[in-house]
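**Q**
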Amino acid sequence: MSSFEEALGIAKAVNDKLTTVRKEALQKLPVVRVAAFNVLSNVVGKTVKIVELVRELERRVEVGSKGVKRFCGNWIITKDENSVSILKLKPLRSVSYDRTSRRLSLSNDVTRLELGENSLKLVLRGREEIIEGISLDSINSKVDVIKSLGRYLIELIDTIYDAVNLCWKSLRGI
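Heads up, the sequence shown stops at 1565 in this note's numbering, and the numbers go up one at a time, no gaps.
(1) Is the segment 1413-1430 close to the segment 1506-1524, with three or more CB pairs under 8 Å?
(2) Given this structure, state the Cα-to-Cα distance separating Val1445 from Asn1531, to the nearest angstrom.
(3) Give me the Cα-Cα distance between Pro1482 and Asn1499, rounded to the nearest whole angstrom.
(4) By how many angstroms is the C-alpha of Arg1542 removed from the C-alpha of Asn1406?
(5) Have a look at the DSSP bridge pairing and note the partners of Glu1519.
(6) DSSP three-state label for Ile1441, please.
(7) Of the residues Thr1438, Val1501, Glu1546, Ser1456, which one's Cα is nearest the Cα of Leu1495?
(8) In the structure shown, what three-state DSSP assignment does Val1475 receive?
(9) Can you tell me which of the three DSSP states Ser1432 falls into?
(10) Which term fits Val1459, buried or exposed, when burial requires 16 or more other beta carbons within 10 angstroms of its beta carbon?
(11) Can you find the residues in the same chain that come closer than 8 Å, C-beta to C-beta, to Glu1396, ignoring five residues on each side of it along the sequence?
(12) Taking its Cβ as the centre, do 16 or more other Cβ atoms sit within 10 Å of Ser1394, making it buried, or is it exposed?
(13) Roughly how many angstroms lie between the CA atoms of Thr1550 and Cys1558, to the nearest whole one?
(14) Run the CB neighbour count on Leu1480, radius 10 Å, all protein chains shown included, and call it buried at 16 or more, exposed below.
(15) Given this structure, state the Cα-to-Cα distance separating Leu1478 from Asn1556, to the nearest angstrom.
(16) Mind checking who Glu1505 pairs with in its DSSP beta bridge?
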C-alpha cells in the first residue's frame, strides 16, 4: 500500500465524520453558524480529491521506498520509510503524509491544513487552531475562527488541486 493510500483512508474518514456532523449542524444550529461547517466540509471533500490524484502521481513517478525524484517540471517527490511529500516549487505547494503520526498536511507559504484521524489543525501565518474530536461541539466552539480562515483554506485547497490536476493530466500520457 502506498503512503498516500493510507492518507486517503484518513481523509475519507475525516470527510465522512464531517458530513455526519454537518447534517447534525443543519438540524440544530442557526444558518449563520452552519457556514463554518460548510467550509470545512467543502475543504475536506476537495482534499480527498487531491489525495486521490497525489496517490496516482506517487504510483506513476515510482520513487521506490526511499528517495527523491523530480517530475512535471518543478515538482519533487521525497519519500522515506516514515513519510512522503509531493512539493511544487515556486509558488510553494505541498502535500505530505507522515506515517508515524498518521497526519496528512496540505500547505503553501502562508496556510496549512492538517488532518489526523479525529482532528483538524488549521494554521495561518503561524497561528494554530486545533479541532480535537470532529464533533458538533468541537467545531461549533471554533466557528468564528473557521469563518475567518475560510477563504485562506479554500484558496489553499483550490490552488493545490489545480496544480496537482495539471501535473496529473501531463503525466497521464506516460
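Ideal Cβ placement from N, Cα and C applies to all residues, glycine included.
**A** Here's the rundown:
(1) no
(2) Taking the sequence shown and counting its residues from 1, the one referred to as residue 1445 is at position 54. Taking the sequence shown and counting its residues from 1, the one referred to as residue 1531 is at position 140. Going from the Cα of Val1445 to the Cα of Asn1531 covers about 31 Å.
(3) Within the sequence shown, numbered from 1, the residue matching residue 1482 stands at position 91. Within the sequence shown, numbered from 1, the residue matching residue 1499 stands at position 108. Distance between the alpha carbons of Pro1482 and Asn1499 is about 8 Å.
(4) Start at 1 with the first residue of the sequence shown, and residue 1406 comes out as number 15. Start at 1 with the first residue of the sequence shown, and residue 1542 comes out as number 151. Whole-angstrom Cα-Cα distance: 19 Å.
(5) Numbered from its first residue, the sequence shown carries residue 1519 at position 128. Paired residue(s): Val1514.
(6) Working through the sequence shown from its first residue, we reach residue 1441 at position 50. DSSP places Ile1441 in helix when its eight states are reduced to three.
(7) As a working mapping, residue 1495 is identified with position 104 in the sequence shown. Residue Thr1438 is the option with its Cα nearest to Leu1495.
(8) Position 84 of the sequence shown, counting from 1, holds the residue named residue 1475. Strand at Val1475.
(9) Translated into the one-based positions of the sequence shown, residue 1432 becomes position 41. Reduced to three states, the DSSP call for Ser1432 is helix.
(10) Reading the sequence shown from its first residue, position 68 is the one you call residue 1459. That one is exposed.
(11) What you label residue 1396 is simply residue 5 of the sequence shown in a count that begins at 1. Here the set comprises Arg1446.
(12) Taking the first residue of the sequence shown as position 1, residue 1394 is located at position 3. Under this definition Ser1394 is a buried residue.
(13) Translated into positions along the sequence shown, residue 1550 becomes position 159. Translated into positions along the sequence shown, residue 1558 becomes position 167. Cα-Cα distance, rounded: 12 Å.
(14) Within the sequence shown, the letter at position 89 stands for residue 1480. Exposed, since its Cβ has fewer than 16 Cβ neighbours within 10 Å.
(15) For the purposes of this step, residue 1478 is taken as residue 87 along the sequence shown, with counting starting at 1. For the purposes of this step, residue 1556 is taken as residue 165 along the sequence shown, with counting starting at 1. Distance between the alpha carbons of Leu1478 and Asn1556 is about 14 Å.
(16) On the sequence shown, residue 1505 is found 114 positions in, with the first residue counted as 1. In the DSSP output, where bridge partners are listed per residue, Glu1505 has Ser1496, Lys1512.
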